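Chemist: I'd like to ask some things about the structure below.
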Amino acid sequence: DTVPPQVVPGADPSARQLCFAWGPAEVLVCETLFRRAGRSRSPCPSRSPCSSLFWGEGRAGAAARALTGSVAGTGDGAPSSSRVFVVRRDQDIYIHTLRKLFNESHGIFMGLQRSEEELAGKSRKAQLVQVSKNYRSVIRACMEDMHQAAVSTRDPALQGQYSTQVSILSAMELIWNLCEILFVEAATAGPLLLRLLDWVRLHVCDVDSMVREVLSSESPSKHKLFWNVVDVFVLQGRMDEARHLLSKEASANPASMNMYKILDDLMKKMPVPSLGNIQTLTELELKWQHWHEECQRYLQDGTFASNPHMESICKILLGDEDAILEKKELMTTWYHFLVTRLLYSHPTVKPMELRFYAQSSMDLFLGGESSPEPLDMILMAAFEFEMHQVIKECSIVLSHWWFVAHLTDLLDHCKLLQSHNLYFGSNMREFLLLEYASGLFSHHSLWQLGVDYFDHCPEYGRVYLELHIERIPLSTEQKALKVLRICEQRQMHEQVRSICKIMAMKALRNNRLGSALSWSIRAKDAAFATLISDRFLKDYCEKGCFSDLDLIDNLGPSMLLSDRLTFLGKYREFHRLYGEKRFAEAARLLLTLMTAHIAPCSFWMTLLTDALPLLEQKEVIFSAEQTYELMRCLEDLTAGNPDKQKFQDDDVETTKVEMLRLALARNLARVIVKEGTVEGS
Numbered sequence: 303d304t305v306p307p308q309v310v311p312g313a314d315p316s317a318r319q320l321c322f323a324w325g326p327a328e329v330l331v332c333e334t335l336f337r338r339a340g341r342s343r344s345p346c347p348s349r350s351p352c353s354s355l356f357w358g359e360g361r362a363g364a365a366a367r368a369l370t371g372s373v374a375g376t377g378d379g380a381p382s383s384s385r386v387f388v389v390r391r392d393q394d395i396y397i398h399t400l401r402k403l404f405n406e407s408h409g410i411f412m413g414l415q416r417s418e419e420e421l422a423g424k425s426r427k428a429q430l431v432q433v434s435k436n437y438r439s440v441i442r443a444c445m446e447d448m449h450q451a452a453v454s455t456r457d458p459a460l461q462g463q464y465s466t467q468v469s470i471l472s473a474m475e476l477i478w479n480l481c482e483i484l485f486v487e488a489a490t491a492g493p494l495l496l497r498l499l500d501w502v503r504l505h506v507c508d509v510d511s512m513v514r515e516v517l518s519s520e521s522p523s524k525h526k527l528f529w530n531v532v533d534v535f536v537l538q539g540r541m542d543e544a545r546h547l548l549s550k551e552a553s554a555n556p557a558s559m560n561m562y563k564i565l566d567d568l569m570k571k572m573p574v575p576s577l578g579n580i581q582t583l584t585e586l587e588l589k590w591q592h593w594h595e596e597c598q599r600y601l602q603d604g605t606f607a608s609n610p611h612m613e614s615i616c617k618i619l620l621g622d623e624d625a626i627l628e629k630k631e632l633m634t635t636w637y638h639f640l641v642t643r644l645l646y647s648h649p650t651v652k653p654m655e656l657r658f659y660a661q662s663s664m665d666l667f668l669g670g671e672s673s674p675e676p677l678d679m680i681l682m683a684a685f686e687f688e689m690h691q692v693i694k695e696c697s698i699v700l701s702h703w704w705f706v707a708h709l710t711d712l713l714d715h716c717k718l719l720q721s722h723n724l725y726f727g728s729n730m731r732e733f734l735l736l737e738y739a740s741g742l743f744s745h746h747s748l749w750q751l752g753v754d755y756f757d758h759c760p761e762y763g764r765v766y767l768e769l770h771i772e773r774i775p776l777s778t779e780q781k782a783l784k785v786l787r788i789c790e791q792r793q794m795h796e797q798v799r800s801i802c803k804i805m806a807m808k809a810l811r812n813n814r815l816g817s818a819l820s821w822s823i824r825a826k827d828a829a830f831a832t833l834i835s836d837r838f839l840k841d842y843c844e845k846g847c848f849s850d851l852d853l854i855d856n857l858g859p860s861m862l863l864s865d866r867l868t869f870l871g872k873y874r875e876f877h878r879l880y881g882e883k884r885f886a887e888a889a890r891l892l893l894t895l896m897t898a899h900i901a902p903c904s905f906w907m908t909l910l911t912d913a914l915p916l917l918e919q920k921e922v923i924f925s926a927e928q929t930y931e932l933m934r935c936l937e938d939l940t941a942g943n944p945d946k947q948k949f950q951d952d953d954v955e956t957t958k959v960e961m962l963r964l965a966l967a968r969n970l971a972r973v974i975v976k977e978g979t980v981e982g983s
């Protein structure tokens with residue numbers, strides 16, 4: 303498990319340099335220590351923090367702690383110090399408020415895998431769109447929770463962290479929604495524009511507070527931001543709301559009534575695509591062309607010349623780019639400008655035409671004043687239908703693998719990534735799921751979700767699971783049983799044995815012999831079961847009784863795992879028979895244990911001593927043949943003992959031997975008399 307530390311190549315051995323070691327989801331970094339005299343020390347001295355923090359140490363739990371410490375140098379000069387850090391790959395999985403994102407999306411992911419073959423055609427497409435919406439609803443719910451946490455906390459650092467996460471989640475939902483429209487739903491010309499309008503209305507919400515302020519005032523038409531709100535509604539294609547506000551202006555200013563009616567009529571008659579197949583694209587284009595010419599005629603006639611605000615709205619309806627760009631501050635983003643531009647200049651835009659409009663819209667909106675940000679490049683890649691580029695850019699920009707893993711899995715189910723295999727063998731979907739699940743395994747509880755993700759990676763998932771599950775810290779027996787159940791369900795026999803051995807060793811160190819024996823039996827480890835059986839027998843010799851009787855009494859076929867375990871089970875059975883006064887059966891079993899040679903030689907004296915009460919019973923228990931066998935065993939014990947002299951010098955042992963010889967002789971005499979009497983009669 304332990305990965306040896308490495309020094310950054312090319313570093314000067316006489317100067318400070320970086321020492322690092324890789325873990326399953328983190329990397330430990332520290333500076334090396336050195337002596338002033340110029341003699342370089344070992345990168346990670348045996349007594350430094352490095353030596354106890356390698357990723358194999360214990361299990362991944364030791365590596366999951368972010369450490370900062372200092373180490374004093376030794377040598378000819380003054381001491382120097384070094385700081386030790388753990389750099390995590392997926393830091394976001396430790397943010398408590400993101401737990402909802404990981405937990406709830408896991409259920410959606412599993413549902414998608416199970417339903418893969420259930421539906422086909424349009425039904426399958428509708429199902430995939432619903433799955434995408436479910437993912438988005440989880441992102442939004444998590445974003446709202448994060449926003450609430452930012453509002454409620456008084457800690458400035460936490461507030462900043464939460465606000466940053468809100469921005470990231472908002473960008474994730476924005477990108478996902480666009481991918482849903484373009485890739486999952488694959489909206490066609492006509493409905494495509496309606497979907498993009500909904501997209502802009504949902505995500506460009508900087509003006510919502512301004513709208514609420516105007517609408518809540520006593521006289522909205524007199525409010526200084528009134529026309530800004532009308533413009534926002536027009537720019538977002540919210541014609542009914544814009545007309546409603548304009549009606550308030552007409553009521554408050556009768557002189558503009560005629561202009562209002564004309565503008566209201568133009569807005570009312572504006573042709574828009576429909577989601578149903580009510581009209582063809584050709585019909586829509588013809589209607590839009592007539593409507594556009596009517597708007598052009600009113601503008602050229604100077605109908606709105608006396609009211610700059612209405613004239614500006616009319617220009618927007620005509621798709622005048624300069625007029626739309628004048629409202630740049632109200633739109634706030636280039637993609638809002640793109641959708642507004644399409645609405646009023648090309649409402650029947652086809653999906654593959656989006657790339658041209660998107661690029662020119664971004665250039666016009668930014669105007670060379672600023673460079674595109676990473677979010678802009680991701681959205682541009684989506685509009686260009688470069689889904690692999692979208693995934694690549696998101697992988698670079700986002701701080702965790704959740705987004706790209708789930709989006710790629712969804713796109714793969716849409717059959718959009720089938721031809722894209724990576725050069726090292728796995729396809730993109732599996733690669734990203736493996737990365738995401740690996741990150742989950744570095745968390746103390748989210749690792750359970752990672753198991754299911756590995757299960758659905760057909761090529762490398764099993765191998766990854768085997769490697770990662772061995773690094774789970776088995777801090778409690780309950781957790782060990784949970785990990786064990788996962789391994790047993792997947793026939794991971796090596797891991798089952800490893801877990802059982804680890805838990806058996808832990809129990810043995812804590813002197814919990816029953817638990818240790820139970821784990822060793824489960825691991826089918828004969829050598830370890832023999833060791834623990836010896837401990838049971840040793841404890842019996844010292845204390846005169848067995849612990850964990852329930853376990854020993856119910857060993858069943860498990861006692862055949864090793865000879866010593868068999869002996870332990872049978873010896874306990876001897877005590878049970880003796881306690882039930884079934885002396886004849888107890889005597890036969892005791893003799894069998896000695897003559898079958900499954901009892902350790904060191905325990906023979908104990909067995910012979912156990913025979914004493916049976917030899918002294920009023921009723922003869924042992925036959926002549928059995929008595930001779932016991933005598934032979936006693937002589938073998940005393941004659942074959944390597945410490946014979948020490949054995950003879952031990953007064954207690956000598957007394958036991960003499961008592962046994964006397965009891966055996968008396969029993970033999972009683973048997974001979976009894977058997978002779980029986981034969982004579």
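First residue of the sequence shown: 303, per the numbering used here; consecutive thereafter. Yeah, the Cβ is synthetic: ideal placement off N, Cα and C, and Gly gets one too. From a predicted model like this one, the values you see are computed outputs, not experimental measurements.
Relative to the C-alpha of T929, which candidate in L914, K920 and A941 has its C-alpha closest?
Modeler: The shortest Cα separation from T929 among L914, K920 and A941 belongs to L914.
Chemist: Could you pull out every residue in the same chain whose Cβ sits closer than 7 Å to the Cβ of S354, ignoring the five residues on either side in sequence?
Modeler: Bear in mind that a pLDDT of 30 at S354, under 50, signals an unreliable position, so the number given afterwards is only what the model happens to contain. For S354, where only same-chain residues beyond five positions count, there are no Cβ hits under 7 Å.
Chemist: Select from R963, L936 and A926 the residue whose C-alpha is nearest the C-alpha of L970.
Modeler: Among R963, L936 and A926, the Cα nearest to that of L970 belongs to A926.
Chemist: What are the boundary residues of the alpha helix (DSSP H) that includes G669?
Modeler: That residue, G669, is in no alpha helix (DSSP H); it is neither H nor E in DSSP.
Chemist: For the segment 672 to 688 against the segment 649 to 664, are there 3 or more C-beta pairs whose distance is under 8 Å?
Modeler: Yes: at least three Cβ pairs fall under 8 Å.
Chemist: From this set, R884, I788 and P902, which residue's C-alpha is nearest D865's C-alpha?
Modeler: Looking at the Cα atoms, P902 is the closest of the given residues.
Chemist: Closest to D678 by C-alpha separation, out of D757, S576, L476 and D542, would be which residue?
Modeler: For D678, the nearest C-alpha among the options comes from L476.
Chemist: How far does the alpha helix (DSSP H) with P915 in it extend, from its first residue to its last?
Modeler: From DSSP, the alpha helix (DSSP H) with P915 extends over W906 to L917.
Chemist: Just to confirm the assignment, what range does the alpha helix (DSSP H) spanning Q791 have?
Modeler: Here the alpha helix (DSSP H) through Q791 covers E779 to Q791.
Chemist: Once DSSP output is grouped into helix, strand and coil, what is the label at K717?
Modeler: Reduced to three states, the DSSP call for K717 is coil.
Chemist: Going along the chain, which residues of its own chain have a beta-carbon closer than 6 Å to the beta-carbon of W906, five neighbours each way excluded?
Modeler: Answer for W906: L939, listed in chain order.
Chemist: Taking its Cβ as the centre, do 16 or more other Cβ atoms sit within 10 Å of I823, making it buried, or is it exposed?
Modeler: Looking at its Cβ environment, which holds 16 or more other Cβ atoms inside 10 Å, I823 is buried.
Chemist: In the DSSP assignment, find the alpha helix (DSSP H) that holds M682 and state where it starts and stops.
Modeler: From DSSP, the alpha helix (DSSP H) with M682 extends over P676 to F685.
Chemist: What span of residues does the alpha helix (DSSP H) with S697 cover, start to end?
Modeler: Start and end: M689 to V699.
Chemist: Just tell me which of I771, M807 and A888 has its CA closest to the CA of L910.
Modeler: Among I771, M807 and A888, the Cα nearest to that of L910 belongs to A888.
Chemist: For N609, is the classification buried or exposed, using 16 other Cβ atoms within 10 angstroms of its Cβ as the cut-off for buried?
Modeler: It counts as buried.
Chemist: Determine the DSSP secondary structure at E921, reduced to helix, strand or coil.
Modeler: DSSP places E921 in coil when its eight states are reduced to three.
Chemist: Below 8 Å CB to CB, which residues in the same chain sit around K524 once its five sequence neighbours on both sides are set aside?
Modeler: Contacts found: A554.
Chemist: Applying the criterion that 16 or more other CB atoms from any shown protein chain within 10 Å of the CB defines a buried residue, is S835 buried or exposed?
Modeler: Buried, because 16 or more other Cβ atoms sit within 10 Å of the Cβ of S835.
Chemist: Decide if H702 is buried, meaning its Cβ has at least 16 other Cβ atoms within 10 Å, or exposed.
Modeler: So H702 counts as buried.
Chemist: Going by DSSP, what residue range makes up the alpha helix (DSSP H) through A888?
Modeler: Note, A888: alpha helix (DSSP H), F885 to T897.
Chemist: Given a cut-off of 9 Å on the beta-carbon distance, is the pair E487 and R497 in contact?
Modeler: It is a contact, given that the beta carbons lie within the stated cut-off.
Chemist: Measure the C-alpha to C-alpha separation of V509 and N530 and round it to an integer number of angstroms.
Modeler: The straight-line gap from Cα to Cα measures roughly 9 Å.
Chemist: For the segment 535 to 547 against the segment 448 to 458, do three or more pairs of beta-carbon atoms, one drawn from each stretch, fall closer than 8 Å, so that the two count as touching?
Modeler: No, they do not touch.
Chemist: Does DSSP classify F848 as helix, strand or coil?
Modeler: Reduced to three states, the DSSP call for F848 is coil.
Chemist: Whole angstroms are fine: how far does the CA of W749 sit from the CA of A364?
Modeler: Low per-residue confidence applies at A364: pLDDT is 32, beneath 50, and the placement is therefore not dependable, though the value from the model is reported in the following sentence. Spanning the two alpha carbons is a distance of roughly 15 Å.
Chemist: Quick one: using the 10 Å Cβ neighbour count with 16 as the cut-off for buried, is T584 buried or exposed?
Modeler: Classification for T584: exposed.
Chemist: Please state whether DSSP places W703 in a helix, a strand or coil.
Modeler: Coil, per DSSP.
Chemist: In three-state terms, what does DSSP make of D567?
Modeler: DSSP places D567 in helix when its eight states are reduced to three.
Chemist: Between the C-alpha atoms of M559 and M569, what's the straight-line distance to the nearest angstrom?
Modeler: Between M559 and M569, the C-alpha separation is close to 15 Å.
Chemist: In three-state DSSP terms, what is L601?
Modeler: Helix at L601.
Chemist: So, is I698 buried or exposed, given that buried needs 16 or more other C-beta atoms within 10 angstroms?
Modeler: Counting Cβ neighbours within 10 Å, I698 comes out exposed, since fewer than 16 surround it.
Chemist: So, with DSSP's three-state summary, where would you put C802?
Modeler: DSSP places C802 in helix when its eight states are reduced to three.
Chemist: Are the beta-carbon atoms of I771 and M807 separated by less than 9 Å?
Modeler: No.
Chemist: Do three or more CB pairs link the segment 478 to 486 to the segment 597 to 613 at distances below 8 Å?
Modeler: No: fewer than three Cβ pairs fall under 8 Å.
Chemist: How big is the Cα-Cα spacing for T710 and Q429?
Modeler: Whole-angstrom Cα-Cα distance: 16 Å.
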